[in-house]
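**Student:** My structure is below; once you've seen it, I'll send some questions.
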Amino acid sequence: MTGVAILGFGTVGSGVYDVINTNCGVLKSKAGEEIKVKKVLDLRDFPGNPVEEILTKDYEEILNDPEIGVVVEVMGGVEPSFTFSKRALSMGKSVVTSNKELVAKHGAELMTLAKNHSVSYLFEASVGGGIPIIRPLCVSLTADKILEISGILNGTTNYILTKMTEEGKGFKEVLKEAQQLGYAEANPTADIDGHDACRKIAILSSLAFGETVDCENIYTEGIGRITYTDIEYANKLNCLIKLIGSSKKTVDGISAKVSPFLVSKDHPLAAVNGVYNAIFVKGNMSGNTMYYGSGAGKLPTASAVVADIVDAVRHKGLSVNIGWNCDSQARVAEIKDSEVKAMLRIGSDNLEEAKKSINEVCGNVQIVDLDIEDDEFAIITNKETEGSMNLKSEKIKTMGGIKEIRNLIRMEA
Ligand code: HSE
1252 MTGVAILGFG TVGSGVYDVI NTNCGVLKSK AGEEIKVKKV LDLRDFPGNP
1302 VEEILTKDYE EILNDPEIGV VVEVMGGVEP SFTFSKRALS MGKSVVTSNK
1352 ELVAKHGAEL MTLAKNHSVS YLFEASVGGG IPIIRPLCVS LTADKILEIS
1402 GILNGTTNYI LTKMTEEGKG FKEVLKEAQQ LGYAEANPTA DIDGHDACRK
1452 IAILSSLAFG ETVDCENIYT EGIGRITYTD IEYANKLNCL IKLIGSSKKT
1502 VDGISAKVSP FLVSKDHPLA AVNGVYNAIF VKGNMSGNTM YYGSGAGKLP
1552 TASAVVADIV DAVRHKGLSV NIGWNCDSQA RVAEIKDSEV KAMLRIGSDN
1602 LEEAKKSINE VCGNVQIVDL DIEDDEFAII TNKETEGSMN LKSEKIKTMG
1652 GIKEIRNLIR MEA
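Numbered by our numbering, the letters in the sequence shown go through residues 1252 to 1664 in order.
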């Protein structure tokens, strides 16, 4: 029997408890021995819940229990998760997590520590919730040189954008629904501002390109500025708006970003709705592969965590190596050098003069008029570097007939 301790009895932690108890027979046959939740660490009490019998507020009890071989860290955040994970690994216990913030910031260090103590540090659930993506990337595609990764990596924002588009609902109302359904984090800022997707693309990039990519260096923009008017422009262009994380290796380093994109309704990512995530991987041998499934939610995420527990148990005495080169730091290319095409919404007090100004600065670009808005129009820029597009945007703002740039949304190539 291998005992498991769950740190944090929130959405994912209680899901892990349920999966282990519901599927105990299946897990026993797959791991070759019984897997049992021995302790749950949480500062809260759960009166009436059977978990009360194994609840503790003292981490030492877990560390000092020789039957506990795997610690599940699903507390989120960097501290105390980082300290707790280091202590467990140092005492020869494997650690399994869904904590993308910790993996993105200290994954390399924790994997080195795990290796030095012949245990595993596993984090399949940290990207894409219940979608198998870490192992396909590191194991199944190991013969490939990975050229590019892109996808919808955050369930909450995809849920919000889908509901806003399909039901014309307001941002705040939909966010509340997402929280009630357990998709959004307690503090949804990381989802809305794109930081959650940024951590996930940093993890995938580190694994795909074999060097640690620091999420602090990835350009990140969330969905907070997306309005229903943007969605209507998108619709007129036969597009949807999706929050996309993308990354590829270029001569200038890893070119990665997270931002809302206009995606053609014919593109496979346009069909990824609600809390679902999808990740494209382009390999130099395998070509394009796509991974799709529930990107958030209690049981899908817990299923990925428990699969890691089984893997750690199967490899007792060994460190499961998923191939993250812990020693070297990747160079991240500057956003200004990345090439992009975008839709710019131009607020105007004289439409005719504004369109002439646009022609002067940008040349002949596509203009989109929205019947319901009479003091603005949008333009679709030609493909150019972000740096050059920013210079043009600054120039546009000073030109005749133009009041402001109301939004800039990138377009998929
Ligand atoms: N808040 C995250 C999301 C949970 O919405 O995708 C899964 O990582």
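Even glycine gets a Cβ: it sits at the ideal position worked out from N, Cα and C.
#1: Sort 1654, 1624, 1532 and 1467 by Cα distance to residue 1586 and report the nearest one.
#2: For residue 1450, which of helix, strand or coil comes out of DSSP?
#3: Residue 1204: which of 1317, 1291 and 1275 sits nearest, CA to CA?
#4: Can you tell me whether residue 1436 sits near ligand 3, meaning its C-beta is under 7 Å from at least one heavy atom of the ligand?
#5: Using a threshold of 8 Å, state whether the C-beta atoms of residue 1584 and residue 1454 are closer than that.
#6: Would you mind giving the Cβ-Cβ distance between residue 1624 and residue 1650, rounded to the nearest angstrom? I have them listed as a contact below 8 Å.
#7: Quick check on the burial criterion: 16 or more other C-beta atoms within 10 angstroms. Buried or exposed for residue 1572?
#8: In the DSSP assignment, the alpha helix (DSSP H) including residue 1370 goes from what residue to what residue?
#9: Along the alpha helix (DSSP H) that carries residue 1624, what are the first and last residues, could you check?
#10: DSSP three-state label for residue 1469, please.
#11: If we ignore side chains and look at the alpha-carbon of each, how far apart do residue 1264 and residue 1258 end up?
#12: Going residue by residue through the region 1631-1662, where are the continuous beta strand (DSSP E) segments of at least 3 residues, counting only ones entirely within it?
#13: In the DSSP output, which residue or residues are listed as bridge partners for residue 1667?
#14: Does the Cβ of residue 1528 have 16 or more other Cβ atoms within 10 Å, making it buried, or fewer, making it exposed?
#15: So, with DSSP's three-state summary, where would you put residue 1324?
#16: Starting from the C-beta of residue 1552, find all residues in its chain whose C-beta is less than 7 Å away, skip the five residues before and the five after it, and write them out in chain order.
#17: Compare the Cα-Cα distances from residue 1514 to each of 1362, 1372, 1312 and 1401 and report the closest residue.
#18: Just to confirm, is the Cβ distance from residue 1632 to residue 1613 under 8 Å?
#19: Report whether the distance from the Cβ of residue 1405 to the nearest heavy atom of ligand 1 is below 7 Å.
#20: Could you say which of 1435, 1342 and 1472 lies nearest to residue 1446 if we only look at CA atoms?
#21: Which residue from 1439, 1593 and 1570 puts its Cα closest to that of residue 1663?
#22: Classify residue 1314 as helix, strand or coil using the three-state DSSP reduction.
#23: Assuming residue 1324 contacts residue 1291 (C-beta within less than 8 Å), just tell me the rounded distance between them.
#24: Tell me whether residue 1447 counts as near ligand 1, meaning its Cβ is closer than 7 Å to at least one heavy atom of that ligand.
#25: Can you tell me whether residue 1427 sits near ligand 1, meaning its C-beta is under 7 Å from at least one heavy atom of the ligand?
#26: Of the choices 1503, 1547 and 1371, whose alpha-carbon is the least far from that of residue 1407?
#27: Given this structure, state the Cα-to-Cα distance separating residue 1517 from residue 1331, to the nearest angstrom.
#28: With a Cβ-Cβ cutoff of 8 Å, do residue 1469 and residue 1494 count as a contact?
#29: My guess is that residue 1657 and residue 1596 are in contact by the Cβ rule of under 8 Å, so how many angstroms apart are they, rounded?
#30: Note down, in chain order, each residue of its chain lying with its Cβ closer than 6 Å to the Cβ of residue 1600, except the 5 sequence neighbours on either side.
#31: Under the three-state reduction of DSSP, which class applies to residue 1674: helix, strand or coil?
#32: Residue 1301 to residue 1273, Cα distance in whole Å?
#33: Would you kindly check if the distance between the Cβ of residue 1458 and the Cβ of residue 1619 is under 8 Å?
#34: Between 1581, 1628, 1443 and 1541, which has its C-alpha nearest residue 1510's C-alpha?
#35: From residue 1432 to residue 1403, what distance separates their C-alpha atoms?
**Tutor:** This is what the structure gives:
#1: In the sequence shown, the residue the question calls residue 1586 occupies position 335. Distances from the alpha-carbon of residue 1586 to those of 1654, 1624, 1532 and 1467 put 1467 closest.
#2: Position 199 of the sequence shown holds residue 1450. It is helical.
#3: There is simply no residue 1204 to check, as the chain begins at 1252 and stops at 1664 in what is shown.
#4: Summarising the ligand content, the structure contains ligand 1 and does not contain ligand 3.
#5: Position 333 of the sequence shown, counted from the first residue, corresponds to residue 1584. Position 203 of the sequence shown, counted from the first residue, corresponds to residue 1454. Contact: no.
#6: Position 373 of the sequence shown, counting from 1, holds the residue named residue 1624. Position 399 of the sequence shown, counting from 1, holds the residue named residue 1650. Not quite, the Cβ-Cβ distance comes to about 19 Å (not below 8 Å), so this is no contact.
#7: Mapped onto the sequence shown, residue 1572 falls at position 321. Exposed, because fewer than 16 other Cβ atoms sit within 10 Å of the Cβ of residue 1572.
#8: Start at 1 with the first residue of the sequence shown, and residue 1370 comes out as number 119. Run containing residue 1370: none; DSSP gives neither H nor E here.
#9: Position 373 of the sequence shown holds residue 1624. No alpha helix (DSSP H) holds residue 1624; DSSP gives it neither H nor E.
#10: Along the sequence shown, read from residue 1 onward, the residue named residue 1469 stands at position 218. In the three-state scheme derived from DSSP, where H, G and I count as helix and E and B as strand, residue 1469 is classed as coil.
#11: In the sequence shown, counting from the first residue as 1, residue 1264 sits at position 13. In the sequence shown, counting from the first residue as 1, residue 1258 sits at position 7. When rounded, the distance between both Cα atoms is 7 Å.
#12: 1653-1662
#13: A query on residue 1667 cannot be resolved here, the shown segment of the chain reaching from 1252 to 1664 and no further.
#14: Along the sequence shown, one-based indexing puts residue 1528 at 277. Classification of residue 1528: buried, given that the 10 Å Cβ count is 16 or more.
#15: Locating residue 1324 in the sequence shown gives position 73, where the first residue counts as 1. DSSP places residue 1324 in strand when its eight states are reduced to three.
#16: Your numbering for residue 1552 matches position 301 in the sequence shown. Taken in chain order, the residues that qualify are 1263, 1266, 1349, 1376, 1380 and 1381.
#17: As a first step, residue 1514 must be located in the sequence shown, where it is residue number 263. That would be 1401, whose Cα lies nearest to the Cα of residue 1514.
#18: In the sequence shown, counting from the first residue as 1, residue 1632 sits at position 381. In the sequence shown, counting from the first residue as 1, residue 1613 sits at position 362. Contact: yes.
#19: Working through the sequence shown from its first residue, we reach residue 1405 at position 154. Flag set: Cβ of residue 1405 near ligand 1.
#20: As a position in the sequence shown, residue 1446 is number 195, starting the count at 1. Closest by alpha carbon: 1472.
#21: For the purposes of this step, residue 1663 is taken as residue 412 along the sequence shown, with counting starting at 1. Put simply, of 1439, 1593 and 1570 the residue whose alpha carbon is nearest the alpha carbon of residue 1663 is 1593.
#22: As a first step, residue 1314 is located in the sequence shown; it is residue number 63 there, counting from the start. Reduced to three states, the DSSP call for residue 1314 is helix.
#23: By one-based count along the sequence shown, residue 1324 stands at place 73. By one-based count along the sequence shown, residue 1291 stands at place 40. No, residue 1324 and residue 1291 are not in contact; Cβ-Cβ is about 12 Å, not under 8 Å.
#24: Against the sequence shown, residue 1447 aligns to sequence position 196. Yes; taking the cut-off as 7 Å, the Cβ of residue 1447 has a heavy atom of ligand 1 nearer than that.
#25: Position 176 of the sequence shown, counting from 1, holds the residue named residue 1427. No, the Cβ of residue 1427 stays beyond 7 Å of every heavy atom of ligand 1.
#26: As a first step, residue 1407 must be located in the sequence shown, where it is residue number 156. Minimum Cα-Cα distance from residue 1407 among the listed residues 1503, 1547 and 1371 corresponds to 1547.
#27: Mapped onto the sequence shown, residue 1517 falls at position 266. Mapped onto the sequence shown, residue 1331 falls at position 80. Between residue 1517 and residue 1331, the C-alpha separation is close to 45 Å.
#28: Looking up residue 1469 in the sequence shown gives position 218. Looking up residue 1494 in the sequence shown gives position 243. The answer is no: Cβ separation not under 8 Å.
#29: Numbered from 1 along the sequence shown, position 406 holds the residue referred to as residue 1657. Numbered from 1 along the sequence shown, position 345 holds the residue referred to as residue 1596. Residue 1657 to residue 1596, Cβ: 4 Å. Contact.
#30: Counted from its first residue, the sequence shown places residue 1600 at position 349. Once the five neighbours on either side are set aside, the close Cβ partners of residue 1600 are 1654.
#31: The structure shown does not extend to residue 1674, since the chain is modelled only from 1252 through 1664, so no value can be given for it.
#32: Taking the sequence shown and counting its residues from 1, the one referred to as residue 1301 is at position 50. Taking the sequence shown and counting its residues from 1, the one referred to as residue 1273 is at position 22. Taking the straight line from one Cα to the other gives about 14 Å.
#33: Residue 1619 sits at position 368 when you count from the first residue of the sequence shown. Residue 1458 sits at position 207 when you count from the first residue of the sequence shown. Not a contact, by the Cβ cut-off of 8 Å.
#34: Locating residue 1510 in the sequence shown gives position 259, where the first residue counts as 1. For residue 1510, the closest C-alpha among the options 1581, 1628, 1443 and 1541 is that of 1443.
#35: Taking the first residue of the sequence shown as position 1, residue 1432 is located at position 181. Taking the first residue of the sequence shown as position 1, residue 1403 is located at position 152. One C-alpha to the other measures close to 19 Å.
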